[in-house]
Amino acid sequence: MRYGGNTTCVEVRTDDDQLVILDAGTGIRELGRSLVAHAGGRPIRGEVFFSHAHWDHIQGLPFFTPAFQAGNQFTLWGSPSLERSLEVVLRQQMSPVVFPVAFDQLSARMEVRELAHHQHSGPGYEMQTINVRHPGSALGFRVSPTSDPSRSVIFIPDNELDRDGDRADAASSRDALVDFARGASILIHDAMYTGAEYMDHRGWGHSSYRDAVDFAIAAEVETLVLFHHEPDRSDAALDEMLALCHTMVEERGGSVRVIAAAEGMELAL
Ligand SMILES: [Zn+2]
Ligand SMILES: [Zn+2]
71 MRYGGNTTCV EVRTDDDQLV ILDAGTGIRE LGRSLVAHAG GRPIRGEVFF SHAHWDHIQG
131 LPFFTPAFQA GNQFTLWGSP SLERSLEVVL RQQMSPVVFP VAFDQLSARM EVRELAHHQH
191 SGPGYEMQTI NVRHPGSALG FRVSPTSDPS RSVIFIPDNE LDRDGDRADA ASSRDALVDF
251 ARGASILIHD AMYTGAEYMD HRGWGHSSYR DAVDFAIAAE VETLVLFHHE PDRSDAALDE
311 MLALCHTMVE ERGGSVRVIA AAEGMELAL
């Protein structure tokens, strides 16, 4: 009720107000309403980057109001490492068997593209990506303002930090991940499980909050945002988890600030 139950969607605004969206889980429905409300009839343009194509990261797109309005324009970026291209998956989730409106019937201009390299530049921002450990493969992102590359937000919504987890894909090593996240202002990272839950879900591609805190301390980030909460977790249980994280940081002598992602939360770089 307090932290929110929508699935993954994060809005990033550059200094000159360009729109970057990270993942299109059910949270993008609420984002769409807010974009339309603030656009005042002007066209909405933006880029949407997909960490991967699991349901909880794509299923909001058919309910994204701006996609149904002519004059709007979105570029949807997928990873070339997906087993099936993002475009195929997005079209399938809007096939007539499961959804009444086809992808091609969307009135906005929707262009699906593949990130060619682990480097990408957009208006007002620079982006790097990294392969993480998650079934079917997934990406992590590092986004910085062009004007100040020393400030950055890292977005790694789904990743199994424990190296004994899923060995199936070409995931980056922990050292490479720590380098990727090093010194970030904000690290948004998978912290789905408790330690006990994790032991029952090895290979599912998610991390325990303890592993996320360890990782944040190793990468010397300023703020860790616990993300991708277990869907059945109550607000009270999340508060408890957060308190345990704070104790853990104190015990390690770390300086990272730990918070838990909540719907509508806004953070400045
Ligand atoms: Zn996933
Ligand atoms: Zn997920």
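Be aware that the sequence shown starts at 71, since it is given in the numbering used here, and climbs by one per residue.
The beta carbon of each residue, even a glycine, is placed where N, CA and C say it ideally should be.
Computed from a predicted structure; not experimentally measured.
Within 8 angstroms, strictly: CB atoms of Ala350 and Arg203 | Residue 350 lies beyond the residue range present for the chain, which begins at 71 and ends at 339; the question has no answer from this structure.
When you compare only the Cα positions, how much space is there between Arg103 and Thr135?
-> 7 angstroms
Buried versus exposed call for Ser217 [16 or more other C-beta atoms within 10 Å across all chains shown] | exposed
Heavy atom of ligand 2 less than 7 angstroms from the Cβ of Pro170, yes or no?
-> no
Endpoints, alpha helix (DSSP H) assigned at Val283 = Tyr279 to Ala288
Which residue's Cα is closest to the Cα of Met180: Trp147, Met197 and Pro166?
-> Trp147
Exposed unless 16 or more other CB atoms sit within 10 angstroms - verdict on Asp87 = exposed
Should Pro150 be counted as a contact of ligand 2 given a C-beta to heavy atom distance under 7 angstroms?
-> no
Looking only at its own chain, which residues have a Cβ that is under 6 angstroms from the Cβ of Phe285, when we skip the five neighbours before and after it?
-> Leu231
Residue from Met318, Gln143 and Leu296 with nearest C-alpha to Arg115 | Gln143
Thr293 to Ala330, Cα distance in whole Å?
-> 10 angstroms
In chain order, which continuous runs of the beta strand (DSSP E) of length 3 or greater are located wholly inside the stretch 169–222?
-> 179–184, 189–192, 195–202 and 208–215
Return the residue from the list Ser207, Val106 and Arg99 that minimises the CA-CA distance to Phe133.
-> Arg99
Under the rule that 16 or more other beta-carbon atoms within 10 Å means buried, what is Met262, buried or exposed?
-> buried
Would you say Pro60 touches ligand 2, meaning its beta carbon is less than 7 angstroms from a heavy atom?
-> The structure shown does not extend to residue 60, since the chain spans only 71 to 339, so no value can be given for it.
Between His316 and Ala282, is the Cβ-Cβ spacing less than 8 angstroms?
-> no
Which residue spans inside the stretch 132–163 form an unbroken alpha helix (DSSP H) run of at least 4?
-> 156–162
Exposed or buried, which one is Ser165 when buried takes at least 16 other CB atoms within 10 Å?
-> exposed
Measure the alpha-carbon distance for Ala288 versus Val248 and round it to whole angstroms.
-> 7 angstroms
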